[in-house]
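Using the working numbering, you'd call the opening residue of the sequence shown number 568 and step up by one each time. Ideal Cβ placement from N, Cα and C applies to all residues, glycine included. Step one of this worksheet: look at the structure below.
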Amino acid sequence: MKTKILLVFGVIFLTLSCEKEGNNYIKPLNEISACGYDDPLNQLDWLKSKIIEGKDPSKTSFIENAWIKEYEEEDIVVVDFGLTSSMFSTFNCSGESITIDDQSFYDSLGEEELIYKYE
């Protein structure tokens, strides 16, 4: 009986650990809880989709960096599309493009808010 219980727990553990190792899992640079998720990089479908699409440097949607930072009590996703743009794109948690004209917000983006960097 003990063997069966251990086997069941082992299978459950392996199944859960494999979820993060799948082809579509993106390892965040920093563990940041935002937008109501513990892993917003993988749990926000629109963001994960943008990152996966933007992994190809030859595409105009190439993403070099992504940050999540709070601004005016709202979590904001900031995306740097690398060489194709000199500006950042900002999104709310729903994936809607928003405008933040406060340059100090962008200047304050640091390593601790960085969740993705193209390698």
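One thing to note: isoleucine 643 has its Cβ within 8 Å of the Cβ of isoleucine 667. Beyond the five residues adjoining it in sequence on each side, proline 595 comes within less than 6 Å, by CB distance, of Leu608 and Ile682 in the same chain, given in chain order. When the five nearest sequence neighbours on each side are left out, the beta carbons in the same chain lying within less than 7 Å of the beta carbon of glutamate 679 are those of Asn597, in order along the chain. Exclusion of the five residues before and after phenylalanine 655 leaves Val645, Val646, Asp647 and Tyr673 as the residues of its chain whose Cβ lies within less than 7 Å of its Cβ.
In this chain, the alpha helix (DSSP H) harbouring isoleucine 619 covers 612-620. Exclusion of the five residues before and after phenylalanine 629 leaves Gly621, Lys622, Asp623, Phe648, Gly649, Leu650, Thr651 and Tyr685 as the residues of its chain whose Cβ lies within less than 8 Å of its Cβ. By the criterion of a C-beta distance shorter than 7 Å, aspartate 606 is surrounded in its chain by Pro595, once the five residues flanking it on both sides are discounted. As summarised for the stretch 653-678, the continuous alpha helix (DSSP H) elements at least 4 residues long and confined to that stretch are 670-674, given in chain order. The C-beta of tryptophan 634 has 16 or more other C-beta atoms within 10 Å across all chains shown, which makes the residue buried. Cβ neighbours of glycine 662 within its own chain (closer than 6 Å, five residues either side excluded): Trp613.
Excluding sequence positions up to five before and after alanine 601, its CB lies within less than 6 Å of the CB of Pro607, Ile635 and Asp642, all in the same chain and listed in chain order.
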